[in-house]
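First residue of the sequence shown? That's 434 in our numbering, and the numbers climb one at a time after it.
Where is the CB? At the ideal position from N, CA and C, for every residue including glycine.
Values in this document were obtained by computation on a predicted structure and should not be read as measured data.
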Amino acid sequence: MQRHHNKYFPIFLLPTLIAFTIAFLIPFILGIILSFTEFTTVIDARWVGLNNYRKAFTNQEFLNALWFTVRFVVVSVITINLFAFSLALLLTRKVTGTNVFRTVFFMPNLIGGIVLGYIWQTIINGVLYHYGVTLTYRQEYGFWGLVILMNWQMIGYMMVIYIAGIQNISRDITEAARIDGAGSFQILKKITIPLVMPSVTICIFLTMSNSFKLFDQNLALTAGAPSKKTAMLALDIFNTFYGSVGSEGVGQAKAVVFFVIVAVIAFIQLRITRRKELES
């Protein structure tokens with residue numbers, strides 16, 4: 434059996450490996466190379482060294498987008514995971530209609546980003562019109578509009594992951610803790626949260642990566658207005674790359690910086706939460 438497995442394994446692996454190389458690895462390497470060039474198409478690239486990166490880090494719009502994105506990610510990760518975990522705790526108790534509530538909370542995750550952006554733009558502007566303003570009136574309105582949208586879309590998805598983690602906890606452990614006199618808060622702090630840490634790792638990683646990569650919702654909700662102050666990194670890179678002829682290299686350099694930032698932060702987050710899992 435093992436001999437047959439070793440014999441045919443490369444044959445089944447080859448199509449996936451070819452697809453991965455063509456669709457991801459080659460464009461990824463080419464993208465890094467192009468970030469050091471000035472180009473309009475791949476065949477007319479001219480080497481300019483670190484000039485594109487210099488332009489990117491001296492571009493005020495990029496720095497504003499970076500700071501705006503970091504603030505958005507921090508707020509979104511905290512609020513989404515707190516609400517999702519709280520809902521998971523409520524919906525793992527013996528409450529009538531639990532499955533219905535789980536389905537309802539999960540459904541927003543099935544709606545596409547562009548559609549979701551326009552839906553929430555209509556809802557929030559409908560409220561703000563009563564005060565004579567819109568989402569694009571001030572940066573703060575756009576920021577909290579994006580936070581609300583992201584929470585509404587992601588909470589249900591994270592809730593399902595937390596529910597799976599909570600249901601995986603043996604009832605014998607919690608019952609033994611109750612017999613020993615532990616209260617609900619002590620069980621939550623000493624048993625539930627430590628044993629749900631694998632779910633916490635996954636949920637923080639997913640919410641953080643999705644928040645950093647947010648593009649279509651940002652485009653639909655505010656499109657960066659007012660004056661590109663609500664443009665996140667993905668939208669700023671898009672505007673740079675397609676904004677004017679000759680700025681493609683700078684846009685590509687921003688994309689590489691974006692990738693490095695997300696990869697480093699995700700790696701640090703995974704190391705920290707994995708360590709917490711082992712300690713638990």
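Continuous alpha helix (DSSP H) stretch holding Leu654: start and end: The count along the sequence shown starts at 1 and reaches residue 654 at position 221. First-last of the alpha helix (DSSP H) with Leu654: Asp649 to Leu654.
Continuous alpha helix (DSSP H) stretch holding Val548: start and end: Start at 1 with the first residue of the sequence shown, and residue 548 comes out as number 115. It spans Gly546 to Leu561 - the alpha helix (DSSP H) in which Val548 sits, taken as one unbroken run.
Whether Ile594 touches Thr525 by CB criterion (7 Å): Locating residue 594 in the sequence shown gives position 161, counting from the first residue. Locating residue 525 in the sequence shown gives position 92, counting from the first residue. No, they are not a contact pair.
Contact between the region 569-588 and the region 682-689 (3+ Cβ pairs under 8 Å): no
CB of Leu568 within 7 Å of CB of Tyr562, strictly: Working through the sequence shown from its first residue, we reach residue 568 at position 135. Working through the sequence shown from its first residue, we reach residue 562 at position 129. Against a cut-off of 7 Å, the Cβ pair of Tyr562 and Leu568 comes out as no contact.
Nearest candidate by alpha-carbon position, reference Leu522, set Lys709, Ile451 and Ala597: Your numbering for residue 522 matches position 89 in the sequence shown. Minimum Cα distance to Leu522 is reached at Ala597.
Length of the line joining the Cα atoms of Met592 and Val566: The sequence position of residue 592 within the sequence shown is 159, counting from 1. The sequence position of residue 566 within the sequence shown is 133, counting from 1. Cα-Cα distance, rounded: 34 Å.
Per DSSP, cross-strand counterpart(s) of Trp480: Translated into the one-based positions of the sequence shown, residue 480 becomes position 47. Answer by DSSP bridge pairing, in chain order: Thr470.
Neighbour-count burial assignment, Ile637, 16 or more Cβ in a 10 Å radius: Working through the sequence shown from its first residue, we reach residue 637 at position 204. So Ile637 counts as buried.
Cβ-Cβ separation, Leu628 to Ile602 (assumed contact under 8 Å), whole Å: Taking the first residue of the sequence shown as position 1, residue 602 is located at position 169. Taking the first residue of the sequence shown as position 1, residue 628 is located at position 195. That belief holds up - the Cβ atoms of Ile602 and Leu628 are roughly 5 Å apart, short of 8 Å.
7 Å Cβ cutoff met for Phe648 and Leu668: Counted from its first residue, the sequence shown places residue 648 at position 215. Counted from its first residue, the sequence shown places residue 668 at position 235. Against a cut-off of 7 Å, the Cβ pair of Leu668 and Phe648 comes out as a contact.
Nearest to Ser677 (by Cα), restricted to the options Glu471, Thr449 and Phe457: Position 244 of the sequence shown, counted from the first residue, corresponds to residue 677. Among Glu471, Thr449 and Phe457, the Cα nearest to that of Ser677 belongs to Glu471.
Proximity to Asn584 [Cα-Cα], best of Ile547, Phe442, Leu515 and Ile705: As a working mapping, residue 584 is identified with position 151 in the sequence shown. Out of Ile547, Phe442, Leu515 and Ile705, Leu515 has the C-alpha closest to the C-alpha of Asn584.
First through last residue of the alpha helix (DSSP H) which encompasses Met665: As a first step, residue 665 is located in the sequence shown; it is residue number 232 there, counting from the start. Where Met665 is concerned, there is no enclosing alpha helix (DSSP H), given that its DSSP letter is neither H nor E.
Distance, Met665 Cα to Ser632 Cα: One-based indexing of the sequence shown puts residue 632 at position 199. One-based indexing of the sequence shown puts residue 665 at position 232. Taking the straight line from one Cα to the other gives about 27 Å.
Alpha-carbon to alpha-carbon, Gly550 and Met540: As a working note, residue 540 is residue 107 in the sequence shown. As a working note, residue 550 is residue 117 in the sequence shown. A straight-line Cα-Cα distance of about 15 Å links Met540 and Gly550.
Anticipated Cβ contact below 8 Å, Thr634 with Thr706, distance rounded: Translated into positions along the sequence shown, residue 634 becomes position 201. Translated into positions along the sequence shown, residue 706 becomes position 273. Their Cβ separation, rounded to whole angstroms, is 4 Å, which keeps Thr634 and Thr706 in contact under 8 Å.
7 Å CB neighbourhood of Gly482 in its chain, flanking five on each side removed: As a first step, residue 482 is located in the sequence shown; it is residue number 49 there, counting from the start. These residues qualify, in order along the chain: Phe469.
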